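Novice: The sequence shown begins at 23 in this note's numbering and counts up by one.
For glycine and all other residues, C-beta sits at the position ideal for the given N, C-alpha and C.
Values in this document were obtained by computation on a predicted structure and should not be read as measured data.
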Amino acid sequence: MREKTEAPRPRNAPESAGRYRYRSGPAQRGQGCSSAPTERLLRALAAHKQRLVHVRARIRALTAQRNVSLAQAVASGLRISAAAGILGESVPGIRRIALAVDDPPSAVLSRDEHVHALQAVRTQLEAAASAKETVERELRLLVAQAYALGFTDEAQLAALAGLPAESVRRSLRCRRRAGDDMASGGPDRASDSGQEGS
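Right, dumping it as structure tokens:
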């Protein structure tokens, strides 16, 4: 038996009447009505959330690969300071990583080959980190759209987007602040009034 999915209530519905909190504002579509924009938005959130899961997994795998390659290079005689320069990390950080890898697999590589391996994994990690930032930025935009459609419960939005609740909270706080500024005529209105009165 399929479970019924509760459609978002209008944003001006009483907070105590249901599970989620909604902002006061213009009436939305009634409960039980599913809008095409909402369905498209939910699909986009799900797709971006899955992309974020994949890129996070890739970052974890590349980080593990970097750590093993680093430990192998140091065990083969590459200096910690040289490895730090190659990976763009601090010397203490590189030392901690190298010491944290227990019994790294032996690698019969030349110094240049170790250097090349470290450079390659750094490039891949930077690309993965950039992809993660892009997906997270797109997710925050989708969260803002969901908020405008009536999804104003921060925990629900965080779950839909796969983002930390604090990240969603900050995004919504900025959005609400911008909305308040627009409603009051913007932050420049007070200064304009002061100039007129002077």
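Quick one: Cα of T60 to Cα of A86, how far?
Specialist: Straight-line Cα distance between these residues: approximately 39 Å.
Novice: Would you kindly report the start and end of the unbroken alpha helix (DSSP H) that includes R133?
Specialist: Segment R133 to L171, the alpha helix (DSSP H) holding R133.
Novice: Could you tell me whether the segment 153 to 160 touches the segment 86 to 104, where touching means 3 or more Cβ pairs closer than 8 Å?
Specialist: Flag = no, the segment 153 to 160 and the segment 86 to 104 do not touch.
Novice: Which same chain residues end up closer than 8 Å to A66 when comparing Cβ atoms and leaving out the 5 residues on each side of it in sequence?
Specialist: Here the set comprises L164.
Novice: Please identify the residue among R78, Q72, A69 and R62 whose C-alpha is closest to the C-alpha of A149.
Specialist: Here the closest residue by C-alpha is R78.
Novice: Quick one: grab the DSSP three-state call for R101.
Specialist: R101: coil per DSSP, three-state reduction.
Novice: By how many angstroms is the C-alpha of L109 removed from the C-alpha of A151?
Specialist: Straight-line Cα distance between these residues: approximately 14 Å.
Novice: Can you tell me which of the three DSSP states G184 falls into?
Specialist: Coil at G184, not helix or strand.
Novice: Given A180, which residues of its chain have a CB within under 6 Å of its CB, disregarding the five upstream and five downstream residues?
Specialist: A187 and V190, listed in sequence order.
Novice: Could you tell me the distance, in whole angstroms, from the CA atom of F173 to the CA atom of H136?
Specialist: Between F173 and H136, the C-alpha separation is close to 51 Å.
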